[in-house]
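Enquirer:
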Amino acid sequence: MAKKAKSRTIVVRLLSMALTGIFKTRIRPRTHPPLSMLGYDPIVKKRVLFLEQKRRKGH
């Protein structure tokens, strides 16, 4: 029996670098480098850096 093919995209969790526990979930291509973005953190009421921390299964 053949192995299942890996999906082209993966779901990643972006964690706030303000260490408030806020996270955002995004989809990115499997071949791209780790994701980072500026986003609003409602706990500190500012735009902060979000970095990829955890990968989920393929989408």
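Here our numbering is used: the first residue of the sequence shown is 54, the next is one more, and so on.
Quick reminder that beta carbons are idealized off the backbone N, C-alpha and C, glycines included.
#1: Between which two residues does the beta strand (DSSP E) harbouring Gly-92 extend?
#2: To the nearest angstrom, how far is it from the Cα of Gly-92 to the Cα of Leu-102?
#3: Please report the straight-line C-alpha distance between Pro-86 and Glu-105, rounded to a whole angstrom.
#4: I'd like the list of long-range same chain contacts for Arg-81, defined as Cβ closer than 7 Å, with 5 residues on each side in sequence excluded.
#5: Could you check what DSSP says for Leu-72 in three-state terms: helix, strand or coil?
Expert: Straight from the coordinates:
#1: Where Gly-92 is concerned, the enclosing beta strand (DSSP E) stretches over 89 to 94.
#2: The straight-line gap from Cα to Cα measures roughly 6 Å.
#3: Cα to Cα, the separation comes out at about 10 Å.
#4: Here the set comprises Thr-62, Ile-63, Val-65, Leu-88.
#5: Leu-72: coil per DSSP, three-state reduction.
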